[in-house]
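K.L.:
Number of protein chains: 2
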Amino acid sequence: MMRDVGGAAPTIRDVARAAGVSPMTVSRVINESAHVRPETRKQVEAAIAALGYVPNNLARGLTRQKTSTLGLIVPDFTDPFFSLILRGAEDVARRAGYGVILCNTAGDVEREDAYLEDMVAHRAAGLLIAPVGDRSRANLRRLVPHRVPFVLIDRAIPGIESDLVQGDSIDGARQLVAHLIGLGHRRIAHVTESQDVSTARDRLRGYHEALDAAGIPFDPELVVEGKAATIEGGYDATTALLAANAAPTAIFTVNNLAAVGCIRAIRERGLTVPDDVAVVCFDDIELAAMLHPFLTVMAQPAETFGTIAAQLLIDRIAGRATERRRRVVLPADLIVRVSCGAEGGIQSNGG
Amino acid sequence: MMRDVGGAAPTIRDVARAAGVSPMTVSRVINESAHVRPETRKQVEAAIAALGYVPNNLARGLTRQKTSTLGLIVPDFTDPFFSLILRGAEDVARRAGYGVILCNTAGDVEREDAYLEDMVAHRAAGLLIAPVGDRSRANLRRLVPHRVPFVLIDRAIPGIESDLVQGDSIDGARQLVAHLIGLGHRRIAHVTESQDVSTARDRLRGYHEALDAAGIPFDPELVVEGKAATIEGGYDATTALLAANAAPTAIFTVNNLAAVGCIRAIRERGLTVPDDVAVVCFDDIELAAMLHPFLTVMAQPAETFGTIAAQLLIDRIAGRATERRRRVVLPADLIVRVSCGAEGGIQSNGG
DNA sequence: CTGTTAGCGCTTTCAT
DNA sequence: ATGAAAGCGCTAACAG
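Residue numbers (my numbering), protein chains in the order written: chain D, 1 to 351; chain L, 1 to 351.
1. By the three-class DSSP mapping on this structure, what secondary structure does Arg13 (chain D) have?
2. Would you mind stating whether Ala246 (chain L) and Glu193 (chain L) have Cβ atoms separated by less than 7 Å?
3. Shorter than 7 Å from the beta carbon of Ala215 (chain L) to some beta carbon of chain D?
4. Would you say Ala250 (chain L) and Arg203 (chain L) are within 7 Å of each other, going by their C-beta atoms?
5. 7 Å is my cut-off, CB to CB: does Ile85 (chain D) come that close to chain L?
6. Just to confirm, is the Cβ distance from Leu72 (chain L) to Val15 (chain L) under 7 Å?
7. So, with DSSP's three-state summary, where would you put Asp168 (chain L)?
8. Chain D beta carbons: is any one of them nearer than 7 Å to that of Met24 (chain L)?
9. Do you know whose CA, among D:Glu343, D:Ala332, D:Ala321 and D:Pro301, lies nearest Ile85 (chain D)'s CA?
10. Going by beta carbon distance, what residues of the same chain come within less than 8 Å of Arg28 (chain D), once the five residues before and after it are set aside?
11. Under a CB-based cut-off of 7 Å, is Pro55 (chain D) close to chain L?
12. For Gly52 (chain L), which residues in chain D fall below 8 Å Cβ to Cβ?
13. Here's the rule I'm using: 16 or more other beta-carbon atoms within 10 Å means buried, otherwise exposed. How should Gly107 (chain L) be labelled?
14. What residues from the region 246-274 of chain D come within 7 Å of chain L, judged by C-beta to C-beta, listed N to C?
15. Work out the CA separation of Ala8 (chain L) and Thr322 (chain D) for me, nearest whole Å.
16. Skipping 5 residues on each side, what residues in its chain have a beta carbon closer than 7 Å to that of Ser348 (chain D)?
17. Taking Cβ positions only, does Leu62 (chain D) come closer than 7 Å to chain L?
18. Does Glu110 (chain D) pass the burial test, meaning 16 or more other C-beta atoms within 10 Å, or should it be called exposed?
19. In this structure, what does DSSP give as the bridge partners for Glu225 (chain D)?
20. In the region 285-319 of chain D, which residue ranges form an unbroken alpha helix (DSSP H) of at least 4 residues, counting only runs that do not cross its ends?
21. Starting from Ala243 (chain L) and walking both ways along the alpha helix (DSSP H), at which residues does that stretch end?
22. Using alpha carbons as the reference points, say which of D:Arg64, D:Lys42, D:Ala213 and D:Asp79 lies closest to Leu287 (chain L).
23. Where does Gln175 (chain L) land, buried or exposed, given buried means 16+ other C-beta within 10 angstroms?
24. So Arg155 (chain D) and Glu303 (chain D) are in contact, right, with Cβ under 8 Å, and what is the actual spacing, rounded?
25. Report all residues from its chain with a CB closer than 8 Å to the CB of Ser22 (chain D); omit the five preceding and five following residues, and keep chain order.
26. If you check the beta carbons only, do Val54 (chain L) and Ala125 (chain D) fall under 7 Å apart?
27. Which word fits Phe218 (chain D), buried or exposed, when buried means at least 16 other C-beta atoms lie within 10 angstroms of its C-beta?
28. When you compare the CB of Ile101 (chain D) with every CB in chain L, is at least one pair closer than 7 Å?
29. Within the region 52-130 of chain D, note down every full beta strand (DSSP E) run reaching 3 residues or more, in order along the chain.
30. Starting from Leu423 (chain L), find everything on chain D with Cβ-Cβ shorter than 8 Å and list it in chain order.
31. At the level of alpha carbons, what is the spacing between Asn255 (chain L) and Asn31 (chain L)?
32. Per DSSP, what kind of secondary structure is Leu334 (chain L) in: helix, strand or coil?
33. What did DSSP end up calling Cys262 (chain D) once you bin it into helix, strand or coil?
34. Just list the residues that DSSP pairs Phe218 (chain D) with in beta bridges.
35. Answer with yes or no whether the minimum CB distance from Met298 (chain D) to chain L is below 7 Å.
36. So the candidates are D:Ala130, D:Ala243 and D:Ala332; which of them puts its Cα closest to the Cα of Ala299 (chain D)?
In C-alpha cells form, the structure reads like this:
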C-alpha cells in the first residue's frame, strides 16, 4: 500500500497518469458512471488507492455549479429539542448523500444573517432553518435572489412562503392548560417569550382558547414575557410574576428550558412544585425524565421534525416538489407526570 | 436597492463590470486589501450591494488551496457533554473566521471513516475529533498523508501523537470512588464501556487506585462492561450486574448516560437509589440537576474542552504551534448530590 | 468506451 | 493603485 507522502494532494491528473488513462476516465470512475470497462475501472481504482487520492469537493462544486451540502441553522444546539432535530436531519441528509453544516445563531438575528450569507458563499444546496423569530424575515428575504431553497423548522414567519415543519402549538397549549383546569386550577399563569416568535404566539393563543372554553376570564397580569425561551428567561419572568403577587396556582411555560428557570424561581421563593404552584410546559427533557419523572409536558417529536424537514428540502432540491409550499404539522403528546399536581404519573397521549 | 433577480448568481466579473474596474480590484476590496483607493472602494462596494454579490467560497478555496472550514466530529451531539463541546468549539472557530462542519459518528468506526474522508474531500483546514475509540487509529492514520491537522478531544489514542484535550479521568474516578468509600461503601461496582476507549480505561484505573488506597480487595465480578457509554449500555450492564447477585452497595458508572440507564435498571429491580444502591458517575446533566439535584457527579468543563481544542487547532493551522504535540488536561469537579447517599447536597470542588 | 477542449469563479504573480 | 494572464481541480459537452 504505497502512499503519497511527499508533495501536495494528488489530483485527478496524477491518478490518470498513474493509471495510464485520461482524467475524464478517472472522473467517470469516481462518479460511478456505467460507461467504463471493468478492467479500466480496476486500474483506476488501483491508482486511486495507491496514491490515496480523494476528490476535491471544492473543484467539483465549482464545476458542477452546485454542492451536496445542506446548512442547518438553529438557535442553540445544546437545547435538547434542537439537538434532536439536528440528529434527525443529519441522518436523513447523510443517507441521501448530503453533507451538513451546522450553525448556532444563539438567538441573535445578526449572527443568523452572517450564517445565512456564509451558507450562500458556500453554495449550500439548501437550508434547514429554525429562525430566531419574525425578525428573521429580512434575513430570509435576502436569500431569495440567491435561489437557495430552504425549509423552516418549528417556527413560521408571516410573509415567508416556504416549506415548513412545525408542531401544533395552539392545540398543544390548549390541552396543557385544559389539563390544569381539569385539575381545578383557575389562576393559571403563562410564562412566555417574545411574541416575535410564532410558537410563542400560538401557545398564548392556545392558552386563551382553553381559558375561554372553561369560562375563565383572562387576567393580563398572569401573562409574563421573558427575554427568550431559556432558563434565564423563564427564571426572570417567573420572578417578576411572583413578585407582582399575581398569585397563580399553576404556570404554563412556553418551553422546557423556561420551565427549568421557572421552577428554580418558584423554589427560591420558598414555594414547592406542585404543592404551591403546578408547572407544565412544551417540550420534554428526556434525560431528566428518565432520572426523575417530574415535569408534565407536551412532548413534540423533535427528531421527526428534523427527518421530515430534511426530506422536504431534499425533495425540493431534486425538483421533486410540485406544490408551491408544503406545511407539515406534527401532533404533540401530553405526558402527565408530577409537576402538574395530578396523582400518580399516568402517561396519556394525544396522538 | 436593486437586486439581481434574473439569471445565475453574480460573479466577481459582474461586479467588476458594474463598478467599471477589473476583477482584481474587486477581489482586493472583498479581501480588505489596503491598496485600493477609497473612491474606487466605494464604487465597488456599491456594485456589490446593488448586485447582491456574495463571493463563491468554492472558487476561493480552490484558488487559495485552502479553506477556512473546520470539521468537528463527535460520537453523538445529543449527549449534553458533546453538545457543550460543540458549542464551545463553534464559538471560538467563528470568532477566528472559521466555519464549522459537524459530523455525528454514532460511535461507528466506519461512519467515522466516511466522515473523515468527507472532510478531506472538503479540504477542511483542520479537524476536531472525539474519536470512537482506539479502533479509530487506522482512520486517523489515513489522515496523515493528507496533512490535515487535527486535535483529539476527550479520548486519547495510543500511537497517535496529536494535540489532545482531555479530562483527568484517572484522578476523577479515584475521587469519586474514594468519596463512596468515605461514605462507608466497600462493595462498589463499576459500570463501564468498551476498554477500547481511553476514558473508560482511565476511569477503571482510578477505580482501582481508590480501592487499593483503602485496602479494599478488587472483585472482578463488580466490573461490568456495557456495549457503549449510553443509556442502553448502562442499563444492560447494570441488569447483568444485579442478576449476578454481585450485591454492590454502590455503583460508579463511566458517564452520565450510562448512569441514567443504570438507575433505571436498579429501579426496575425494585431497588431504590441511594437507599439500596448508591450511584455516582462522570459528567453532569445540568438540565436534570436544575430540575432535581440528584446525581452525584464528577463534572467536566465540557464547553472549555471545546474552546481550548479549537484554539489549539487554529494555532496549529496558523503555524503558531511550535511544539510537536500539546496535551491539555482539564480538572473535573466533584459535585455531591443525593444519589451517592451523602446527607444534604454539599457542593465541594476539586478545582 | 475513452479522450479533448473549455471553463466554473476566484486569486496569485507579475506588470504597469 | 490597478490590471492581465494563468491556473487551482474538476466535469459538461462534444468528439471519436
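We put the CB at the ideal spot given by N, CA and C, even for glycine. These numbers come from a predicted model, not from an experiment.
P.N.:
In brief:
1. The count along the first sequence starts at 1 and reaches residue 13 (chain D) at position 13. Reduced to three states, the DSSP call for Arg13 (chain D) is helix.
2. Along the second sequence, read from residue 1 onward, the residue named residue 246 (chain L) stands at position 246. Along the second sequence, read from residue 1 onward, the residue named residue 193 (chain L) stands at position 193. No, the Cβ-Cβ distance between Ala246 (chain L) and Glu193 (chain L) is not below 7 Å.
3. Position 215 of the second sequence holds residue 215 (chain L). In the sequence under discussion, the amino acid at residue 215 (chain L) is Gly, which differs from the Ala named in the question. No, its Cβ sits nowhere closer than 7 Å to a Cβ of chain D.
4. Counting from 1 along the second sequence, the entry for residue 250 (chain L) is found at position 250. Counting from 1 along the second sequence, the entry for residue 203 (chain L) is found at position 203. The answer is no: Cβ separation not under 7 Å.
5. Position 85 of the first sequence, counted from the start, is the residue given in the question as residue 85 (chain D). For Ile85 (chain D), the answer is no, since every Cβ of chain L falls outside 7 Å of its Cβ.
6. By one-based count along the second sequence, residue 72 (chain L) stands at place 72. By one-based count along the second sequence, residue 15 (chain L) stands at place 15. No, the Cβ-Cβ distance between Leu72 (chain L) and Val15 (chain L) is not below 7 Å.
7. Numbered from 1 along the second sequence, position 168 holds the residue referred to as residue 168 (chain L). Asp168 (chain L): coil per DSSP, three-state reduction.
8. Taking the second sequence and counting its residues from 1, one reaches residue 24 (chain L) at position 24. By this cut-off, Met24 (chain L) is not an interface position.
9. Your numbering for residue 85 (chain D) matches position 85 in the first sequence. Comparing Cα-Cα distances from Ile85 (chain D) to each of D:Glu343, D:Ala332, D:Ala321 and D:Pro301, the minimum goes to D:Pro301.
10. The sequence position of residue 28 (chain D) within the first sequence is 28, counting from 1. Excluding residues within five positions, the ones whose Cβ falls inside 8 Å are His35 and Val36.
11. Locating residue 55 (chain D) in the first sequence gives position 55, counting from the first residue. At least one chain L Cβ lies under 7 Å of Pro55 (chain D).
12. Taking the second sequence and counting its residues from 1, the one referred to as residue 52 (chain L) is at position 52. The contacting residues are Arg142, Pro145 and His146.
13. In the second sequence, residue 107 (chain L) corresponds to position 107, counting from 1. Buried is the label assigned to Gly107 (chain L), since at least 16 other Cβ atoms lie within 10 Å of its Cβ.
14. Val260, Ile263 and Arg264
15. Taking the first residue of the first sequence as position 1, residue 322 (chain D) is located at position 322. Taking the first residue of the second sequence as position 1, residue 8 (chain L) is located at position 8. Thr322 (chain D) and Ala8 (chain L) have their alpha carbons spaced roughly 22 Å apart.
16. For the purposes of this step, residue 348 (chain D) is taken as the residue at position 348 of the first sequence. The pLDDT assigned to Ser348 (chain D) is 41, lower than 50, so where the model puts this residue is not dependable; a value taken from the coordinates is nonetheless given after this. Only Leu334 and Val336 meet the Cβ criterion.
17. Translated into the one-based positions of the first sequence, residue 62 (chain D) becomes position 62. Yes, contact with chain L.
18. Along the first sequence, one-based indexing puts residue 110 (chain D) at 110. Exposed, since its Cβ has fewer than 16 Cβ neighbours within 10 Å.
19. The sequence position of residue 225 (chain D) within the first sequence is 225, counting from 1. Paired residues: D:Thr192.
20. If we require 4 residues or more, the alpha helix (DSSP H) runs fully inside the region 285-319 of chain D come out as 286-291 and 302-317.
21. Sequence index remark: in the second sequence, residue 243 (chain L) carries index 243 (1-based). Taken as a continuous stretch (DSSP letters only), the alpha helix (DSSP H) holding Ala243 (chain L) covers Ile231 to Ala243.
22. Numbered from its first residue, the second sequence carries residue 287 (chain L) at position 287. For the residues D:Arg64, D:Lys42, D:Ala213 and D:Asp79, the minimum Cα distance to Leu287 (chain L) belongs to D:Asp79.
23. Reading the second sequence from its first residue, position 175 is the one you call residue 175 (chain L). Result: buried.
24. As a working mapping, residue 155 (chain D) is identified with position 155 in the first sequence. As a working mapping, residue 303 (chain D) is identified with position 303 in the first sequence. No, Arg155 (chain D) and Glu303 (chain D) are not in contact; Cβ-Cβ is about 17 Å, not under 8 Å.
25. Translated into positions along the first sequence, residue 22 (chain D) becomes position 22. So the qualifying residues of the chain are Ala16.
26. By 1-based counting over the second sequence, the position of residue 54 (chain L) is 54. By 1-based counting over the first sequence, the position of residue 125 (chain D) is 125. The answer is no: Cβ separation not under 7 Å.
27. Looking up residue 218 (chain D) in the first sequence gives position 218. Exposed, because fewer than 16 other Cβ atoms sit within 10 Å of the Cβ of Phe218 (chain D).
28. As a first step, residue 101 (chain D) is located in the first sequence; it is residue number 101 there, counting from the start. Yes, its Cβ sits closer than 7 Å to a Cβ of chain L.
29. 69-74, 99-104 and 126-129
30. In this structure chain L extends from 1 to 351, so residue 423 (chain L) is not present and cannot be described.
31. Translated into the one-based positions of the second sequence, residue 255 (chain L) becomes position 255. Translated into the one-based positions of the second sequence, residue 31 (chain L) becomes position 31. Their backbone Cα atoms lie some 46 Å apart in a straight line.
32. For the purposes of this step, residue 334 (chain L) is taken as the residue at position 334 of the second sequence. Note: Leu334 (chain L) maps to strand in three-state DSSP.
33. Start at 1 with the first residue of the first sequence, and residue 262 (chain D) comes out as number 262. Assigned with DSSP and collapsed to three states, Cys262 (chain D) falls in helix.
34. By one-based count along the first sequence, residue 218 (chain D) stands at place 218. DSSP output for Phe218 (chain D) lists no bridge partner at all.
35. What you label residue 298 (chain D) is simply residue 298 of the first sequence in a count that begins at 1. Closer than 7 Å: no.
36. Your numbering for residue 299 (chain D) matches position 299 in the first sequence. Of the candidates D:Ala130, D:Ala243 and D:Ala332, the one whose C-alpha sits nearest the C-alpha of Ala299 (chain D) is D:Ala332.
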